[in-house]
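From first to last, the protein sequence lines are chains A and B.
Its first residue numbered 4, the first sequence is counted upward by one per residue in my numbering.
Its first residue numbered 4, the second sequence is counted upward by one per residue in my numbering.
All C-beta atoms in this analysis are idealised placements derived from N, C-alpha and C, irrespective of residue type, glycine included.
The structure appears right after this line, and notes come after that.
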Amino acid sequence: MRYFARPLSRLMSQLAKLPGIGPKTAQRLTFYIMGGSLESARELANAIIEAREKIRYCSVCCNYTEEDPCPICQAPERDRSLLCVVENPRDILAMEKTGEFKGIYHVLHGSISPIDGIGPDNLRIKELLERLKKDNFQEIIVATDPNVEGEATALYLARIIKPLGIRISRIAHGLPVGGDLEYADEVTLGKALQGRKEL
Amino acid sequence: MSLVRTEALIMKGMDLGEADRIVTAFTRKKGKVRMVAGGVRRTRSSMAALVQPFTYSSLVIYSTSSLGRLRHGEIIESFAGLREDLVSMASASYLMELVDFLLGEEDSQEGVFTLLLNTLQLFKEVGPRVLAIRTFELRLMAILGYSPHLDSCVVCGADYENKAFFSSNQGGIICSNCSGGGKIPVSLGSVRLMNELLTKPLRKLLNIRLDGLMEEEMERIMTDYILYHTERELKSLSFLRSLKSFNP
Chain A
4 MRYFARPLSR LMSQLAKLPG IGPKTAQRLT FYIMGGSLES ARELANAIIE
54 AREKIRYCSV CCNYTEEDPC PICQAPERDR SLLCVVENPR DILAMEKTGE
104 FKGIYHVLHG SISPIDGIGP DNLRIKELLE RLKKDNFQEI IVATDPNVEG
154 EATALYLARI IKPLGIRISR IAHGLPVGGD LEYADEVTLG KALQGRKEL
Chain B
4 MSLVRTEALI MKGMDLGEAD RIVTAFTRKK GKVRMVAGGV RRTRSSMAAL
54 VQPFTYSSLV IYSTSSLGRL RHGEIIESFA GLREDLVSMA SASYLMELVD
104 FLLGEEDSQE GVFTLLLNTL QLFKEVGPRV LAIRTFELRL MAILGYSPHL
154 DSCVVCGADY ENKAFFSSNQ GGIICSNCSG GGKIPVSLGS VRLMNELLTK
204 PLRKLLNIRL DGLMEEEMER IMTDYILYHT ERELKSLSFL RSLKSFNP
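Structure (structure tokens):
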């Protein structure tokens, strides 16, 4: 017996393909969309199609962009001697929110994970090397995640960039602001000690 | 429904939802188990370091079905150094992938756990030595019942003399008079060494000087032998190889 009309089942199965959305959430979202106006459903559908059609990779930094090069790569006030390498476009947003970084970016679209079969060839490392040869950078800041894949990516980048004579640095590991020292794990606390600063 | 406290080595993980991870760990009591580690992708999570690959810890797992839930745990040895060196990290990933591939879930194998832990400890102390990797491969295969026959010709039982071959298909050494599929020529020195790797204490083996030929022969044999049993090349192996040939 079919519980839902065919278009409803189709919408549920499409929504259930999204990350973090199980069958129950897909059902809830479907009925939420059905409860709204036809106009808002159309807007949602159009937004998905527009984003998918108009967004492409920036030919310079590999970030998602509507115009090529992306606004950050075009901005004249950014420091072009400073390059921050991140794993994915969401990390750029996190870095921009700090307001501390005025350089430009390069997005790798992933990180090295030998056990999952993701090697350097699956990332935008070739594009990064081309940029390094073409442009004159003073420093490369590797801002990959502080996990095993992010560390492996940082180590690999250091291995290929150091021989080019460009300074390469890694963002610091340490305690989160507002955290409690007694609940910090020993690895983080150890790293925080290593990276301590003179007052 | 049960609450299990056990020592564990973290093998790998995959993201789940907003901030969780499904972690695969090799535990001393229950073998390979998968569990949900809630909120560990948040920077403030006190369990984030606990679920990093290679970490040796004491975990409390609440299991209701095939997928348990990590309640809490304590790091015994983080093996952080293995994550700070590319070859160590790739080598340790290879060990983990091999165990992950050859063992099913909840297949308790204390011998494999001890072997894995001792090899990681050795990597930490002296680096990812080729001999330690070969020893691990041989001993793991032996524990799981796939030990290659190295004492005499596996076909006719005769003692091999100057010339010997290794056949993964036959499961060991074959003499020049016998034939077997996919024969790999092997020197007597390599055969003797492989026998020693199976029996002698791991730390004593590190003093053995390995020449280029023996290293090459043993790598070829073990890669072929493991491939014969796994039927596909392990993902971390190609990365490990690319690092060896990589000289910027």
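F29 of chain B has B:L12 and B:K35 as its beta-bridge partners, per DSSP. By a beta-carbon distance limit of 8 Å, P117 of chain A does not contact S91 of chain B. Their separation comes to about 12 Å.
Chain B has no Cβ within less than 7 Å of the Cβ of L178 of chain A. Ranked by how close their Cα comes to the Cα of E80 of chain B, the residues B:A93, B:S68 and B:F57 have B:F57 in first place. Note: C178 of chain B is bridge-paired with B:A167 in the DSSP secondary-structure output. By the neighbour-count definition (other C-beta atoms within 10 Å, threshold 16), Q173 of chain B is a buried residue.
Counting only residues of its own chain and dropping the five nearest sequence neighbours on each side, S193 of chain B has a CB closer than 7 Å to the CB of M217, E220 and M221. With the rule of 3 Cβ pairs closer than 8 Å, the stretch 58-66 of chain B counts as touching the stretch 10-17 of chain B. If you draw a 10 Å sphere on the C-beta of F7 of chain A, you find fewer than 16 other C-beta atoms in it, and that means exposed. Put simply, the backbone Cα of I52 of chain A is about 20 Å away from that of R93 of chain A.
Taking 7 Å as the cut-off, the beta carbon of S114 of chain A is found no closer than this to the beta carbon of T68 of chain A. As a beta-bridge residue in DSSP terms, S61 of chain B pairs with B:E10 and B:E77. Legend: CB atoms of the stretch 138-158 of chain A lying less than 8 Å from CB atoms of chain B belong to residues N150, V151, E154, A155 and L158.
Cβ atoms of S172 of chain A and I128 of chain A stay farther apart than 8 Å, at about 18 Å. Residues of chain B whose Cβ lies closer than 9 Å to the Cβ of D94 of chain A do not exist; the shortest such Cβ separation is about 13 Å.
Residues of the stretch 217-243 of chain B that bring their beta carbon within less than 9 Å of a beta carbon in chain A comprise L237, K238, S239, L240, S241, F242 and L243, in sequence order. Per the coordinates, the alpha-carbon of R81 of chain A lies some 12 Å from the alpha-carbon of C87 of chain A.
In the three-state DSSP reduction, Y149 of chain B falls in the coil class, being neither helix nor strand. Per DSSP, E142 of chain A lies in no alpha helix (DSSP H); the unbroken beta strand (DSSP E) holding it starts and ends at E142 to V145. With respect to chain A, the C-beta atom of R86 of chain B has a partner C-beta closer than 7 Å.
Around G122 of chain A, the beta-carbon contacts reaching into chain B at under 8 Å are S241, F242 and S245. Counting along the chain, the unbroken beta strand (DSSP E) around V89 of chain A starts and ends at L85 to V89. Put simply, of B:F168, B:N198, B:F169 and B:K207 the residue whose alpha carbon is nearest the alpha carbon of L141 of chain B is B:N198. As the crow flies, the alpha-carbon of E189 of chain A is around 19 Å from that of L73 of chain B.
Across the structure, E99 of chain A and L167 of chain A are spaced so that their CA atoms are roughly 28 Å apart. It is roughly 43 Å from the alpha-carbon of L118 of chain B to the alpha-carbon of K27 of chain A. A:D71 is the residue among A:V63, A:T101, A:L47 and A:D71 whose C-alpha sits nearest the C-alpha of K57 of chain A. The C-alpha of E185 of chain A lies about 34 Å from the C-alpha of D103 of chain B. Closest in alpha carbon position to A29 of chain A, among A:M37, A:N125 and A:L14, is A:L14.
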